[in-house]
Each structure stands twice: as structure tokens, then as C-alpha cells.
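Student: In the UniProt record's numbering, the protein residues as written are 1 to 241.
Don't be surprised by glycine CBs; every beta carbon is placed ideally from N, CA and C.
What you are looking at is a predicted structure, and each value in this text was computed from that prediction instead of being measured.
My structure is below; once you've seen it, I'll send some questions.
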Amino acid sequence: MTKRLVRAELVEAPPVPQTARVFCVGINYHAHGDESREHSGLDTPKVPMIFGRWADTLVVDGDPVPVPPNEDGLDWEVELAVIIADRVWAADRATASQHVLGYTAFNDLSARKKQLETAQFTLGKNADRSGPIGPVVVTPDEIGDPNSLTLRTRVGDSVMQLGNTRDLIHDIPSIIAYITDTVSLKPGDVIATGTPAGVGLGMKPQVYLTAGDAVEVEVENIGVLRTPIVSRADLAARHEL
Numbered sequence: 001m002t003k004r005l006v007r008a009e010l011v012e013a014p015p016v017p018q019t020a021r022v023f024c025v026g027i028n029y030h031a032h033g034d035e036s037r038e039h040s041g042l043d044t045p046k047v048p049m050i051f052g053r054w055a056d057t058l059v060v061d062g063d064p065v066p067v068p069p070n071e072d073g074l075d076w077e078v079e080l081a082v083i084i085a086d087r088v089w090a091a092d093r094a095t096a097s098q099h100v101l102g103y104t105a106f107n108d109l110s111a112r113k114k115q116l117e118t119a120q121f122t123l124g125k126n127a128d129r130s131g132p133i134g135p136v137v138v139t140p141d142e143i144g145d146p147n148s149l150t151l152r153t154r155v156g157d158s159v160m161q162l163g164n165t166r167d168l169i170h171d172i173p174s175i176i177a178y179i180t181d182t183v184s185l186k187p188g189d190v191i192a193t194g195t196p197a198g199v200g201l202g203m204k205p206q207v208y209l210t211a212g213d214a215v216e217v218e219v220e221n222i223g224v225l226r227t228p229i230v231s232r233a234d235l236a237a238r239h240e241l
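What follows is the structure, encoded as C-alpha cells:
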């Protein structure tokens, strides 16, 4: 007899191995470059600006994310993420897309106070559980044109970000080629390709996610990734930290 699985009884995990490296690309949309220059003094990079995330920050659709106590809140960043299929070294831009296993949505939730205190993004981009990824992985034959996908962020009933991968400064093949002339990519590695304009840091006044909020990021042909925001104390009380 076949037992029917009930989703509520399953423990979901991110769609990548625990050994995955997460390569994030900063300021990789033209419009986001404009707002970053105005609000954080960062110029649009001439080459992909790569920084890393720990794999244990990754969580799945519906998982709660806590606000670090020293932060006013967390900032949203909808991104198209790429999952690597095989070991890649010195990729040729012309064929780099052949190394893509699939595409998914990513919310690069950011602790801006820590991120902008120094020139290094590491702490501000690695708050506990701050990397929602999912809800599914879509294979290259089903994604359509990855260079023409709409991205959207909603907080409550408000649309905060609305962009399209046509606005990417460095496209996916260029990013893969740039990384792999120094670092080999491995199966399951993730590349988060950057966020469009509309982050909370760039608003007047600035707006951040706080306990009780829920944020949804959506990538065309992939789906909606929903994240409730909670206090760290509440999550600790539930023994989920």
C-alpha cells in the first residue's frame, strides 16, 4: 500500500546540499545601482561584486526569520538564484549556462546596520536564518528566458520592488565565468544574481521588516516565496534557534 504524504507532516529543507556555497552578487541591477549610490555611497561595480553567505542561513518557504536585536529591522531583496549542476572551472561565457541545474527565488534579507558599518558585507548578509530560498527549483528547459523574468516583492498589500532581469548589469553567464576564473564552482552551489531597485534602505523614510510582518518575493515562472518575520526571543522560546 502506498502512503500518501501530507506536506504539513514533512520537514522541508533548502533545495541544495549543506555543503553548498552561496555566492551573492551586489549592486547588479542598473536601477538598484542608482539608489545604492545615493543612500550608501557605493558605486556601480565594473565587474560582478561577489560576497558570500553561509549555507546554514538558508531557510525554506514559510520559515520564520528573526530580526537581530541590534537592528531596526531586516531589508528585503528579491533575487533570481541559480543552482550549479556540476564542477565548473574557467567557464567560457558562451557556454556557461550549460552548467546551470535550475533556477529558484531568493530573498537576500539584510541587516543593514551591520552591513554598512564597514566595507565588508559578511555580518550584515549572514544574520541567522536570513536566506529564504525556493519555493521550487525550475529547470532550464522550463524557465523561459532567464534574461526576461519579472521579479516582485510584497509586504502586506504593498508592492515594494518590481523589476526584470533585463536590467541586470552582469548576466548569468558573465557571473559564472567571472567566478570560475578564480574559484571552482561545485554541484549544488548557489549564485544569487542581485536585486532590483526598491529596497527599504532606499526609501524616504527608510522602511524595514519587523516582527509581525510577512514578506513575499516572487520570480516569474518560479513562484512566491513567503517569509514571516518574528522576534529572536519568540523563535528562541519555540526552540527553533
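1. I'd like to confirm the pairing. Which residues does DSSP put opposite residue 132 in its beta bridges?
2. Just to confirm, is the Cβ distance from residue 297 to residue 185 under 9 Å?
3. Could you pull the DSSP bridge partners for residue 107 from this structure?
4. Spatial neighbours of residue 18 within its chain, please: C-beta separation below 8 Å, excluding the five flanking residues on both sides.
5. Near residue 35, what residues of its chain come up, given a Cβ to Cβ distance below 6 Å and the 5 sequence neighbours on each side ignored?
6. On the three-state DSSP scale, how would you describe residue 15?
7. Determine the DSSP secondary structure at residue 174, reduced to helix, strand or coil.
8. Could you tell me the distance, in whole angstroms, from the CA atom of residue 12 to the CA atom of residue 82?
9. Report the rounded CA-to-CA distance for residue 238 versus residue 93, giving the unit in angstroms.
10. Spatial neighbours of residue 230 within its chain, please: CB distance less than 6 Å, with the 5 preceding and 5 following residues excluded, ordered by chain position.
11. Candidates 213, 217, 179: which alpha carbon is nearest residue 48's?
12. By the 10 Å Cβ neighbour count, where 16 or more other Cβ atoms means buried, how is residue 89 classified, buried or exposed?
13. Rounding to the nearest angstrom, what Cα-Cα distance links residue 99 and residue 91 in this structure?
14. Please give the ranges of any alpha helix (DSSP H) in the region 135-212, keeping only runs that are unbroken, at least 4 residues long and fully inside the region.
15. For residue 247 and residue 3, what's the separation of their Cα atoms in angstroms?
16. Please classify residue 104: is it buried, with 16 or more other beta-carbons within 10 angstroms of its beta-carbon, or exposed?
17. Take the Cβ of residue 119 as the centre, count every other Cβ of all protein chains shown within 10 Å, and call the residue buried at 16 or more, exposed below.
18. Between the Cα of residue 174 and the Cα atoms of 159, 164, 147, 200, which residue gives the shortest distance?
19. Indicate the three-state DSSP secondary structure (helix, strand or coil) for residue 232 in the structure shown.
Tutor: Quick look at the numbers:
1. The residue you call residue 132 lines up with position 132 of the sequence shown. Per DSSP, 59.
2. Outside the displayed span of the chain (1 to 241) sits residue 297, for which this structure offers no information.
3. Within the sequence shown, the letter at position 107 stands for residue 107. Note: residue 107 sits in a beta bridge opposite 78.
4. Taking the first residue of the sequence shown as 1, we reach residue 18 at position 18. Once the five neighbours on either side are set aside, the close Cβ partners of residue 18 are 55, 56.
5. Counting from one through the sequence shown, the residue named residue 35 turns up at place 35. Around residue 35: 197, 202.
6. Locating residue 15 in the sequence shown gives position 15, where the first residue counts as 1. Residue state, collapsed to three classes: coil.
7. Here the question's residue 174 lines up with position 174 in the sequence shown. Correct three-state label for residue 174: helix.
8. Working through the sequence shown from its first residue, we reach residue 12 at position 12. Working through the sequence shown from its first residue, we reach residue 82 at position 82. So the alpha carbons of these two residues sit roughly 20 Å apart.
9. Your numbering for residue 238 matches position 238 in the sequence shown. Your numbering for residue 93 matches position 93 in the sequence shown. Whole-angstrom Cα-Cα distance: 47 Å.
10. Reading the sequence shown from its first residue, position 230 is the one you call residue 230. Correct list, in chain order: 64, 66, 211.
11. Numbered from 1 along the sequence shown, position 48 holds the residue referred to as residue 48. Out of 213, 217, 179, 179 has the C-alpha closest to the C-alpha of residue 48.
12. One-based indexing of the sequence shown puts residue 89 at position 89. Result: exposed.
13. Translated into positions along the sequence shown, residue 99 becomes position 99. Translated into positions along the sequence shown, residue 91 becomes position 91. Their Cα atoms are separated by approximately 9 Å.
14. 172-180
15. Absent from the model: residue 247. The displayed extent of the chain is 1 to 241, so no value can be given.
16. The residue labelled residue 104 in the question sits at position 104 within the sequence shown. Looking at its Cβ environment, which holds 16 or more other Cβ atoms inside 10 Å, residue 104 is buried.
17. For the purposes of this step, residue 119 is taken as residue 119 along the sequence shown, with counting starting at 1. By the neighbour-count rule (16 or more Cβ atoms within 10 Å), residue 119 is not buried but exposed.
18. The residue you call residue 174 lines up with position 174 of the sequence shown. With distances taken between Cα atoms, residue 174 lies closest to 147.
19. Residue 232 sits at position 232 when you count from the first residue of the sequence shown. Three-state DSSP puts residue 232 in a helix.
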